[in-house]
C-alpha cells in the first residue's frame, strides 16, 4: 500500500509503537471483492459463494439494520466522477453469512455415502431431485450463524 504517514503519538504512548512505524493504505477482502465484481451503481448486487456467503449491494439510501454492514463513503463506479459536494454518496452494503462452503462440504460428505464424495456426484444427485424438493427445506448451520444471530444445528421443514 501507499505510505500515508507515521503512527500518531497517541498510538505510540498507548501501545508502545516506535517512532519509525509507518501507516499505509490498505483494503479488506470485502471492499476488494466489491471492486473486482465491477458493480456499476445504485441497486446492483452480487453474490460471492466462499468460506462465507456474501451479498454485496450498492445503495444511495440504505436502511440501517443491526444485521447489515453498511460502509458509507464515496464509492466511485468506473464510469462516474467522484461525488461532488452536496451529492448523495453511494453506500456499500453487505450481508455476510458465516455458513458458506463449510456447510456445503458438510452436506456433500453427509449425503454421499461412497469414499470419493466429489462435487460432480453431488451435483448429479441434486439433478435427480425435483425442483422445490417436494416442499422439504433444510438449514444446516455447522457454525453459529452471525446473520441472523442463531445457534448451530440442523433445521428441517417438511
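Numbering (the numbering used here), first residue to last: 67 to 224. Beta carbons: idealized from backbone N, C-alpha and C, even for Gly.
Proximity of residue i and residue j at Cβ, strictly below 9 Å
i	j	result
residue 118	residue 164	yes
residue 183	residue 203	no
residue 157	residue 196	no
residue 106	residue 123	no
residue 187	residue 173	no
residue 208	residue 168	yes
6 Å CB neighbourhood of residue i in its chain, flanking five on each side removed
i	result
residue 217	210
Rounded separation between residue i and residue j - CA only
i	j	result
residue 72	residue 220	49 Å
residue 189	residue 206	18 Å
residue 74	residue 87	9 Å
residue 104	residue 135	19 Å
residue 181	residue 215	34 Å
residue 113	residue 81	39 Å
residue 98	residue 176	34 Å
residue 131	residue 101	24 Å
Whole-number beta carbon distance between residue j and residue i, since they are thought to touch under 8 Å
i	j	result
residue 121	residue 160	7 Å
residue 201	residue 224	7 Å
Per-residue DSSP class, three states only, for residue i
i	result
residue 105	coil
residue 115	strand
residue 99	helix
residue 216	strand
residue 135	strand
residue 145	Low confidence applies here, because residue 145 scores a pLDDT of 46, under 50, leaving its location unreliable; read the following figure in that light. Three-state DSSP puts residue 145 in coil, outside helix and strand.
residue 171	helix
residue 125	strand
residue 158	strand
residue 198	coil
Contacts around residue i, its chain only, beta-carbon distance under 7 Å, and the 5 residues preceding and following it disregarded
i	result
residue 213	133, 161, 162 and 163
residue 96	120 and 160
residue 70	89, 90 and 91
Any C-beta of chain C under 9 Å from that of residue i
i	result
residue 194	Chain labels in this structure do not include chain C; a single protein chain is all it has.
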